[in-house]
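Worksheet for the structure shown next.
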Amino acid sequence: MDLRYPAEVEDFRAEVRAVIAEELPEGWAGTGAIPDAEATRRFVREWRRTMYRRGLLGVAWPVEYGGRGLTPLHQIVLVEELTKAGLPFGEQPADLTGVKMLGNTLLRFGTAEQKQAVLPALLSGDQRWCQGFSEPGAGSDLAAVSTRARLDGDEWVVDGQKTWTSGAHTATGTFVLARTDPDVPRHAGLSFLLVPLDQPGVDVRPIRHATGRTDFCEVFFDGARTPRSMIVGDPGEGWRIASMLLTYERGEEAATTPIQFRAELDRLAELVRRVGRDRDPLVRSRLGRAYVRVEVMRQLGLRIVSDVLAGGELGAASSVSKLFWSEYHREVTALALDVQGLDGLALAGKGSSRQLRTDEPGADPASSRSWWDTALNARAGTIYAGTSQIQRNILAERVLGLPREPAAPSRS
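Letter 249 of the sequence shown, counting from 1, is numbered 343 in this note's numbering, and no numbers are missing.
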């Protein structure tokens, strides 16, 4: 494993740091330090425009589609520096699902027509895409998808329901995993379709969750239509394409998540000192275990990135990474809530502890609102992008060679 970055990548890192220094106000502490939600939205929207103007979106994409023709390692270095500065990668969740996931998928599987129609508009922000995978009866078991799509002349007609769809209320389109052939085995009957949301056959309903936010939505399709040419790959290839799409999310995460977690852990250590729990042997043991796990996570991330850059596939390594970081984050945020005790129920302070500059570990460490928000989202981390149980099954079957988990009995 070569841990050194090439000189041209370090030159790009210097460019990114220069842009951050030039574009951010003096005393910048991170997005999480912005005082209210509306001001945060305004800043993120403007920062996204700045990234586009300065050529920091789609840096590894071909020039003909609006990118800079650089390497995946340049993209990873970009996200590293944004993370250290407490900055988002564009507007979430649309830029996560659109630019990172759909964009990279189209570069690999899309037709020339699809690439030209979607990719430049993704970078400019004219198009915003969400992920239409999960359903009420098909969450982690995506092969159970029941949303149907059938050909009607030169159009696909889509009927069904998707749920837990991040950012659908602000998106212009959704990439849908739909069943196009009900007469073949489950995985073989799925296709990957690009469906516009602004049409009569689509109903988007936001879901308000425990933190009061409405990031997730239900999306109902009742005769929604999309051109025949907007299928990615061939009919029946949806499972393979959707699986590859998820690896684009996890590969970059493997390298950058440890940076966020280390900064968050430093803030937790400061909280422990402030509340006088730094001599508690149980707290010290849990905190020490957390530091060790973040270092293991960092080494794992470097190995994954090194393998990918050498031309390898993520494979089961993405499941190892996802399982490791999501379970870690659930445990460490539980420690933060335990340390705060009853005082944490007051929900004082502002900002998310993961959206602050990483070189200022003492920034707002006692914000109970921040820790509760982070802890609730950490629970979600063990569910989205494949539950911990699903990741364990993947590792058991594909790495350890254990037999498949028995299927649940069918309902009569």
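All residues carry an ideal CB built from backbone N, CA and C; glycine is no exception.
Report yes if the C-beta distance between residue i and residue j is below 9 Å; otherwise report no.
i	j	result
residue 269	residue 224	yes
residue 231	residue 284	no
residue 217	residue 146	yes
residue 414	residue 394	yes
residue 297	residue 328	no
residue 76	residue 212	Residue 76 lies beyond the stretch modelled for the chain, which goes from 95 to 506, so this question has no answer here.
residue 307	residue 267	no
residue 196	residue 291	no
residue 185	residue 136	no
residue 488	residue 410	yes
residue 376	residue 366	no
residue 470	residue 304	yes
residue 322	residue 249	yes
residue 178	residue 472	no
residue 273	residue 326	no
Based on Cα-Cα distance, which residue from the options lies nearest to residue i?
i	options	result
residue 387	431, 368, 409 and 359	359
residue 293	302, 251, 401 and 329	251
residue 353	170, 99, 153 and 246	170
residue 280	487, 180, 241 and 115	241
residue 341	119, 485 and 473	485
residue 432	417, 465, 416 and 418	465
residue 390	371, 348, 189 and 248	348
residue 263	253, 118 and 302	302
residue 113	134, 181 and 277	181
residue 295	325, 378, 243 and 247	243
residue 467	98, 126 and 351	126
residue 355	132, 418, 326 and 138	418
residue 392	364, 140 and 351	351
residue 492	219, 412 and 98	412
residue 514	245, 219 and 246	Absent from the structure is residue 514, since the part of the chain shown begins at 95 and ends at 506.
Below 6 Å CB to CB, which residues in the same chain sit around residue i once its five sequence neighbours on both sides are set aside?
i	result
residue 110	172 and 175
residue 475	420 and 423
residue 434	462
residue 198	342
residue 258	228 and 310
residue 372	366
residue 490	496
residue 117	144
residue 477	none
By Cβ distance below 8 Å, which residues in the same chain neighbour residue i in space, the five residues on each side in sequence not counted?
i	result
residue 384	359, 362, 422, 425, 426 and 429
residue 209	159, 200 and 201
residue 282	275, 330 and 333
residue 336	227, 236, 271, 284 and 286
residue 278	330
residue 324	208, 250, 287, 288 and 289
residue 255	229, 230, 241, 312, 313, 314 and 315
residue 100	167
Within 10 angstroms of its Cβ, does residue i collect 16 or more other Cβ (buried), or is it exposed?
i	result
residue 260	buried
residue 480	buried
residue 309	buried
residue 204	buried
residue 104	exposed
residue 399	buried
residue 319	buried
residue 265	buried
residue 150	buried
residue 379	exposed
residue 157	exposed
residue 438	buried
residue 189	buried
residue 192	buried
To which residues of the same chain is residue i closer than 7 Å at the C-beta, ignoring the five residues directly before and after it?
i	result
residue 299	311 and 312
residue 165	154
residue 416	344, 479, 480 and 485
residue 168	103, 106, 153 and 154
residue 120	none
residue 215	221
residue 162	149 and 153
Alpha helix (DSSP H) segments (min. 4 residues) lying fully within the segment 316–396: Fully enclosed alpha helix (DSSP H) runs of 4 or longer: 332–368.
Within the segment 233–320, ranges of the alpha helix (DSSP H) (whole runs, at least 4 residues): Here no run is fully enclosed.
Within the segment 157–202, ranges of the alpha helix (DSSP H) (whole runs, at least 4 residues): Whole alpha helix (DSSP H) segments, 4+ residues: 166–178.
Alpha helix (DSSP H) runs contained entirely in the segment 100–147, provided each spans 4 or more residues: You should have 101–117 and 131–147.
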